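Residues 89 to 365 in my numbering are what the sequence shown spells out, letter by letter.
Backbone N, C-alpha and C fix where the C-beta goes; we use that ideal spot for every residue, glycine too.
These numbers come from a predicted model, not from an experiment.
Below is one structure, written out as structure tokens; comments come after it.
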Amino acid sequence: MSRPVIITCAITGTRPQKTDNPAVPISVTEQIESTHAAFEAGAAAVHIHVRDDEGQPSSDPERFAAAVEGIRHHCPGMVIEVSTGGMYRPLQERATALAVGADMASLCPGSINFPNGTYRNPPDTVRALAERMWALGIRPTIEIFDLSMLYAARALVDQGLVREPLNLLFVVGLATGLPARRSVVDFMIAEMKDILPSATWTASGLGRTQSLAQDWSLYRGGHLRTGLEDNIRLTRTELAQSNAQLVERAAQLCIEYGVRPATPAEARAILELPAAH
Ligand code: ZN
């Protein structure tokens, strides 16, 4: 039986607007519909941010709760991950999504410049988010935007703030972050295997580097992330029609690599999450 690969769809993010791509789901209703289509196309996991009525990043716990509830209802068993990130949210609001019943949450263990500002994750914030996740039984996905964050992830384990096996997301292709170079991903995966041997992982490329990073992920035994948060295009000149279309492409890539999209139940087993009920 071929290896099950978790396809995570990052449906919205904080940045893309409908003027960039009309398919970006902004309202909670749109998010639920977009996630459902992505689920049907083979996504076993979804990563969500919410927006306000003006389409700007929001920390509103009611919106997060409505999104989680709707996705649970329409996408049975799907792994739901909420964001604790976003440059535009005050630090004290970044935990609001943790109490709404998600399975997982993103956790970035360090700070980094983005092209338009600094994505701040001071030690106190990282610790507070990790402790809150632990208390609520939420598994973190550790987002690695820079090499030092990989070692910071190990330090979180050593400090007893997160437990192994960790789930890691390596993000490349950010202009001010790690370049989408295969040698960079290869090095990080080799280091990860040394210091966090039980970790599950995904390499994710932003913008036009998305497909490249997916190739490297599958080649090295990782999982896949796609979605309009990371990339609004299907090709250099063509906008993606939907999150589902990006998931379909990821599922097709799995077939080319002789693996297959994981079912939600398989994704839960791989990530050591409780079975859905
Ligand atoms: Zn995100």
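Residues near residue i by beta carbon distance below 7 Å, same chain, minus five either side
i      : result
Arg151 : Val116 and Val138
Met280 : Leu238, Leu256, Ala287 and Trp289
Gln333 : Leu322
Cys163 : Thr123, His124 and Phe127
Gly205 : Met175
Leu224 : Leu186 and Ala187
Ala155 : Val116, Gln119, Ile120, Ile136 and Val138
Backbone CA spacing between residue i and residue j [nearest angstrom]
i      : j      : result
Thr314 : Ala338 : 7 Å
Leu327 : Arg296 : 11 Å
Phe127 : Asp246 : 36 Å
Gly346 : Ala98  : 24 Å
Cys196 : Ile232 : 7 Å
Leu359 : Gly248 : 19 Å
Gln119 : Ile320 : 15 Å
Asp318 : Thr102 : 10 Å
Ala131 : Thr123 : 8 Å
Gln180 : Asp212 : 11 Å
Met221 : Arg227 : 7 Å
Met192 : Arg324 : 32 Å
Gln298 : Ser292 : 6 Å
Thr107 : Leu186 : 30 Å
Arg270 : Asp234 : 15 Å
Glu169 : Leu217 : 14 Å
Ala243 : Glu252 : 12 Å
Thr351 : Phe202 : 34 Å
Ala190 : Ser171 : 10 Å
Ser95  : Val188 : Here the sequence assigns Ile to residue 95, which means Ser is not the residue at that position. Cα to Cα, Ile95 sits roughly 23 Å from Val188.
Leu284 : Asp303 : 22 Å
Ala363 : Ile159 : 16 Å
Gly40  : Pro178 : With the chain running from 89 to 365 in the structure shown, residue 40 is simply not present.
Leu300 : Leu294 : 10 Å
Glu121 : Pro149 : 19 Å
Thr229 : Ala111 : 26 Å
Arg308 : Ser330 : 28 Å
Phe258 : Ala278 : 13 Å
Leu316 : Val134 : 12 Å
Val250 : His161 : 29 Å
Pro210 : Glu219 : 14 Å
Arg215 : Met276 : 23 Å
Residue range of the unbroken beta strand (DSSP E) whose run includes residue i
i      : result
Cys342 : Run containing Cys342: none in the beta strand (DSSP E); it sits in the alpha helix (DSSP H), Asn331 to Glu344.
Phe258 : Asn255 to Val260
Arg227 : Arg227 to Ile232
Ser194 : Met192 to Leu195
Ala98  : Ile95 to Ala98
Gln292 : Correcting the residue type first, residue 292 is Ser in the shown sequence and not Gln. Where Ser292 is concerned, the enclosing beta strand (DSSP E) stretches over Thr288 to Gly293.
Thr206 : Gly205 to Tyr207
Spatial neighbours of residue i in its chain, beta-carbon cut-off 6 Å, leaving aside the 5 residues before and after
i      : result
Leu266 : Val260 and Val272
Leu322 : Ala328
Arg208 : Ser199
Ala240 : Pro197 and Gly198
Ala129 : Ala332, Val335 and Glu336
Arg182 : Thr172
Ile114 : Arg139 and Gly143
Extent of the continuous alpha helix (DSSP H) to which residue i belongs
i      : result
His135 : Careful: His135 lies outside any alpha helix (DSSP H), inside the beta strand (DSSP E) at Ala133 to Ile136.
Leu300 : Gln298 to Arg308
Thr323 : From DSSP, Thr323 is part of no alpha helix (DSSP H) but of the beta strand (DSSP E) over Arg321 to Thr323.
Leu312 : Not the alpha helix (DSSP H): Leu312 falls in the beta strand (DSSP E), residues Leu312 to Thr314.
Thr213 : Pro211 to Leu224
Met89  : Element bounds for Met89: n/a, residue is neither H nor E.
Arg242 : Leu235 to Asp246
Test: residue i CB closer than 8 Å to a CB of chain C
i      : result
Gln119 : As a matter of chain content, chain C is missing from the structure shown, which is built from one protein chain.
Cut-off 8 Å between Cβ atoms - residues of its own chain near residue i, not counting five sequence neighbours on either side
i      : result
Tyr176 : Thr102, Gln144 and Pro145
Leu306 : Val93, Leu312, Leu341, Cys342, Tyr345 and Val347
Ser38  : Outside the modelled stretch of the chain, which goes from 89 to 365, sits residue 38, for which no answer is possible.
Ala370 : As displayed, the chain neither begins before 89 nor continues past 365, which places residue 370 out of reach and without an answer.
**OP:** Any chance you could list the beta strand (DSSP E) runs of at least 3 consecutive residues sitting entirely within the region 159-187, in chain order?
**Re:** 167-170
Original post:
Curious, which full-length alpha helix (DSSP H) runs of at least 4 residues does the region 104-157 contain?
Top reply: 116-128
**OP:** Mind listing, in chain order, the continuous alpha helix (DSSP H) runs of no fewer than 4 residues lying wholly within the region 263-290?
**Re:** 270-283
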